[in-house]
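Peer 1: If you read the sequences in order, they're chains A and B. Just so we're aligned, residue 1 is where the first sequence starts under the UniProt record's numbering, counting upward by one. Just so we're aligned, residue 1 is where the second sequence starts under the UniProt record's numbering, counting upward by one. Beta carbons: idealized from backbone N, C-alpha and C, even for Gly. The structure that follows is given in the form of structure tokens.
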Amino acid sequence: MRGATSTPRSLGWLLLPALLVLALFLGSVALLFFHAFWGKDGFSLIYFRQILDRADYHEVFLRTVSIAAIVSVAAAILAYPIAWLLWRLPRWRNLLLVIVLVPWLVSLVVRTYGWLVILGPKGFLNETLKWAGVIQSPVPLIFNDLGVVIGLTHVLMPFAVISTLSVLLQIDHRLEEASESLGAGGFDTWRRVVLPLSLPGVFTGLSITFLTSMGAIVTPILLGGVRQKMAGTQIYQEVVYNFNMSKASAWAICLLLLSALGLALLRAAEAALVPKADR
Amino acid sequence: MNAPLIRLGRAGSFALLLFLPLPIVVIGATSFAAAGYLRFPPGELSLRWYAEAATDPRWIEAFATSLAIAAVVAVLVTAIAFAGAYACHRLRPRWLPAFELAIMSPLFFPHAALGVALVNVLAMAGYLGTATGIVIAHVVCTLPFAWRPIVVALQRIDGEIVEAASLLGADERRIALGIALPLARSGLVTALLFSFIISFDEVTVTMFLTGPQVTTLPVQIYAFIQENASPVLAAISTATVVVTLLVVMLLERLIGLEFFVAHDPA
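Written out as structure tokens, the structure reads:
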């Protein structure tokens, strides 16, 4: 008599709602490909040609990928010390975690608006510097690539902290003690023991933050200038202003391919940097 | 010799930590400035922007819409995730790893691509620019976040309890609703609050789906920033921060925040 294991098949019905959601998602992806590859008379690459033939769009792709690369690496580097701090202060971890989680969960439009208020031409920083007599006229901190990089890096940092911290918390404290009893100082222990063990968390963070910045729309529109277009802003424009779903879908597929390429490169970098036993 | 270095490292890390809430704090401070912008030294304080926001029907409506959509999404997605995760937990089908990967797959989609994909399908069904359409899209986006805490909670249930109940004659319905549901409540509450807050604050996908009939609070904030950055926005934004903060504190009180930093075995 193995009561718990003889489960009736009727339980399978419970999967139905989740399967419906999944079908909806997969259906929407299928439709994405259909719109992108189906022209007026059947299969066509015209929408891709409309995108790939334009030199100014090449620049958009290049900017999207380089900004995504810069901000995900910057977020990983800036987030690491925060994760380390939370890891070293277990008694304060819950309070400090709230300081990380709330900015992560607050709407990104609100966080971006905050940067507008701080960095704008008449923003807090420029006005303060002017009041202090450091500058005469406002320094252009937004409506350029710098603004987009600052805004996106800040938007991505909380997630990088969380993914790094979750791996740091897995580290056996005895490893540190062993390292220190063998004569390594605090910094050496971090560099030789803690850092290599925490790299998988850093790479998880890098993958997700890279994806997020590849698909960003709000921050590039609000903090970038008219010329600082990214793939996400182009897609949004095609859908909302031009109602060109086919071209928008083709853009989205280009974005997906570039993202997959970036993730593959990150995988390769992780394989090269992290010893196998830790993965 | 290492102590000062570590102290320096801690101070630097702490400064970086305080960088995270900086824009939110600045918005909060701005919302109370009578002048409508933040300056140093600070000017007179006032609640006029809150009064202005609270008497503007557009903001009240968007706020109510966002709260209602988030509540419906949270309940819906938690129910869907519990039903599905429970069935998987009991039946353990061979294709479970592939199925869970498929459930998680929206996470690997850049939001701009996800937005277009959902516009395509919702336009076909005639739900574009409706609250129903936004709810459907949010359920798709939040299912991965609701799924994981529920799976973790179900795995923590002692299998012998289920076996004992079954031997004592409890039917499947009784086991699911009388045993698994209450014992998995930490996962359910986490899923409920987490999906509520994601839905309430989501903007990138939602901005593809709103229309003249319905808009959410974050999307309306975005539209107003583009039109004219009135200081009313600071008051509205602060209100969304308060909602988010309250939900996070509630989660911390009820369940704790360990879930967010629990190691993902996948």
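Here's the rule I'm using: 16 or more other beta-carbon atoms within 10 Å means buried, otherwise exposed. How should serine 181 of chain A be labelled?
Peer 2: Result: exposed.
Peer 1: For glycine 43 of chain B, which residues does DSSP report across the bridge?
Peer 2: In DSSP, glycine 43 of chain B forms no bridge with anything.
Peer 1: Name, please, each residue of chain B whose Cβ falls closer than 9 Å to the Cβ of valine 98 of chain A.
Peer 2: Residues of chain B passing the Cβ test: Leu245, Val248, Met249, Glu252 and Leu257.
Peer 1: Between the region 162-169 of chain B and the region 179-195 of chain A, do three or more beta carbon pairs fall short of 8 Å?
Peer 2: Touching, no, given that fewer than three Cβ pairs across the two stretches are closer than 8 Å.
Peer 1: Does proline 265 of chain B pass the burial test, meaning 16 or more other C-beta atoms within 10 Å, or should it be called exposed?
Peer 2: At proline 265 of chain B, the pLDDT of 44 sits below 50, so the modelled position is not reliable and the matter cannot be decided from this model.
Peer 1: Taking only the alpha-carbon atoms, compute the straight-line gap between threonine 164 of chain A and phenylalanine 208 of chain B and give it to the nearest angstrom.
Peer 2: In a straight line, the C-alpha of threonine 164 of chain A is about 32 Å away from that of phenylalanine 208 of chain B.
Peer 1: Could you tell me whether the Cβ atoms of threonine 209 of chain A and leucine 156 of chain A are closer together than 9 Å?
Peer 2: Yes, the pair counts as a contact, with Cβ atoms nearer than the cut-off.
Peer 1: Start and end of the alpha helix (DSSP H) containing isoleucine 27 of chain B?
Peer 2: Run containing isoleucine 27 of chain B: 22-31, per the alpha helix (DSSP H) assignment.
Peer 1: Find the nearest neighbour of alanine 262 of chain B within the set B/Thr190, B/Ala85 and B/Thr130, judged by alpha-carbon distance.
Peer 2: The candidate whose alpha carbon is nearest that of alanine 262 of chain B is B/Thr190.
Peer 1: Per the DSSP calculation, glycine 42 of chain A is bridged to which residue(s)?
Peer 2: Bridge partners of glycine 42 of chain A: A/Gly39.
Peer 1: Would you mind working out which of A/Val106, A/Leu95, A/Ser10 and A/Leu96 sits nearest serine 195 of chain B, comparing C-alpha positions?
Peer 2: That would be A/Val106, whose Cα lies nearest to the Cα of serine 195 of chain B.
Peer 1: By how many angstroms is the C-alpha of leucine 52 of chain A removed from the C-alpha of histidine 58 of chain A?
Peer 2: Roughly 7 Å between the two C-alpha positions.
Peer 1: Would you please verify whether the beta carbon of aspartate 201 of chain B is less than 9 Å from any beta carbon of chain A?
Peer 2: Yes, aspartate 201 of chain B lies at the interface with chain A (some Cβ there is under 9 Å from its Cβ).
Peer 1: Going by other Cβ atoms of all chains shown within 10 Å of its Cβ, with 16 needed for buried, is tryptophan 95 of chain B buried or exposed?
Peer 2: The residue is exposed, with fewer than 16 neighbouring Cβ atoms inside 10 Å.
Peer 1: So what's serine 56 of chain A in DSSP terms, helix, strand or just coil?
Peer 2: Checking the sequence, you will find aspartate at residue 56 of chain A rather than serine. Residue state, collapsed to three classes: helix.
Peer 1: Which residues bound the alpha helix (DSSP H) around valine 110 of chain A?
Peer 2: That run of the alpha helix (DSSP H) goes 108-119.
Peer 1: With a threshold of 9 Å between beta-carbons, can alanine 184 of chain B be considered close to chain A, or not?
Peer 2: For alanine 184 of chain B, the answer is no, since every Cβ of chain A falls outside 9 Å of its Cβ.
Peer 1: Output the distance between the C-alpha atoms of threonine 65 of chain B and alanine 271 of chain A, rounded to the nearest integer angstrom.
Peer 2: Roughly 46 Å between the two C-alpha positions.
Peer 1: What first and last residue would you give for the alpha helix (DSSP H) that runs through phenylalanine 260 of chain B?
Peer 2: Its alpha helix (DSSP H) spans residues 258-261.
Peer 1: Would you be able to state if there are at least three C-beta pairs under 8 Å between the region 220-240 of chain A and the region 137-146 of chain A?
Peer 2: Output reads yes: the region 220-240 of chain A touches the region 137-146 of chain A.
Peer 1: Using beta carbons (cut-off 9 Å, strictly below), is threonine 204 of chain B in contact with chain A?
Peer 2: Threonine 204 of chain B counts as touching chain A.
Peer 1: Look at the Cβ atom of leucine 250 of chain B, then the Cβ atom of leucine 193 of chain B, and state whether they are nearer than 9 Å.
Peer 2: Yes. Within cutoff.
Peer 1: Arginine 156 of chain B to leucine 183 of chain B, Cα distance in whole Å?
Peer 2: One C-alpha to the other measures close to 9 Å.
Peer 1: Which residues of the region 204-230 of chain B have a Cβ closer than 9 Å to any Cβ of chain A? Give them in chain order.
Peer 2: Those residues of the region 204-230 of chain B that come within reach of chain A (Cβ to Cβ, closer than 9 Å) are Thr204, Met207, Phe208, Leu217, Pro218, Val219, Ile221, Tyr222, Ile225, Gln226 and Ala229.
Peer 1: Which bits of chain B does alanine 231 of chain A rub up against, with CB to CB less than 7 Å?
Peer 2: What alanine 231 of chain A touches in chain B: Ala112.
Peer 1: Note down, in chain order, every chain B residue with its Cβ under 8 Å from the Cβ of arginine 111 of chain A.
Peer 2: The contacting residues are Pro23 and Ile24.
Peer 1: Taking the alpha-carbon positions, what's the threonine 216 of chain B to phenylalanine 145 of chain B distance?
Peer 2: Near 21 Å, if we compare the C-alpha coordinates of phenylalanine 145 of chain B and threonine 216 of chain B.
Peer 1: When you compare each of B/Thr78, B/Leu45 and B/Thr238 to serine 199 of chain B by their alpha carbons, which one comes out closest?
Peer 2: Serine 199 of chain B has its Cα closest to that of B/Thr78, out of B/Thr78, B/Leu45 and B/Thr238.
Peer 1: Assuming the contact rule is C-beta atoms closer than 8 Å, valine 203 of chain B and leucine 101 of chain A should be a hit. Round their C-beta distance to whole Å, please.
Peer 2: With a Cβ gap of about 18 Å, valine 203 of chain B and leucine 101 of chain A do not count as contacting.
Peer 1: Checking contacts by CB at 9 Å: is alanine 191 of chain B closer than that to chain D?
Peer 2: As a matter of chain content, chain D is missing from the structure shown, whose protein chains are A and B.
Peer 1: Within 10 angstroms of the Cβ of arginine 90 of chain B, are there 16 or more other Cβ atoms? Answer buried if so, exposed if not.
Peer 2: Arginine 90 of chain B comes out buried.
Peer 1: For a test of the three-state rule: what should DSSP assign to glutamine 228 of chain A, helix, strand or coil?
Peer 2: Coil, per DSSP.
Peer 1: Using CA atoms only, rank isn't needed, just tell me which of A/Phe61, A/Leu85, A/Pro140 and A/Ile99 is closest to isoleucine 235 of chain A.
Peer 2: Answer by Cα proximity: A/Phe61.
Peer 1: Distance check for leucine 116 of chain A and glycine 43 of chain B, CA to CA, integer angstroms please.
Peer 2: Spanning the two alpha carbons is a distance of roughly 20 Å.
Peer 1: Given methionine 1 of chain A, which residues of its chain have a CB within under 6 Å of its CB, disregarding the five upstream and five downstream residues?
Peer 2: At methionine 1 of chain A, the pLDDT of 38 sits below 50, so the modelled position is not reliable and the matter cannot be decided from this model.
Peer 1: Name, please, each residue of chain B whose Cβ falls closer than 7 Å to the Cβ of leucine 85 of chain A.
Peer 2: Chain B residues near leucine 85 of chain A: Arg10, Ser13, Phe14 and Leu17.
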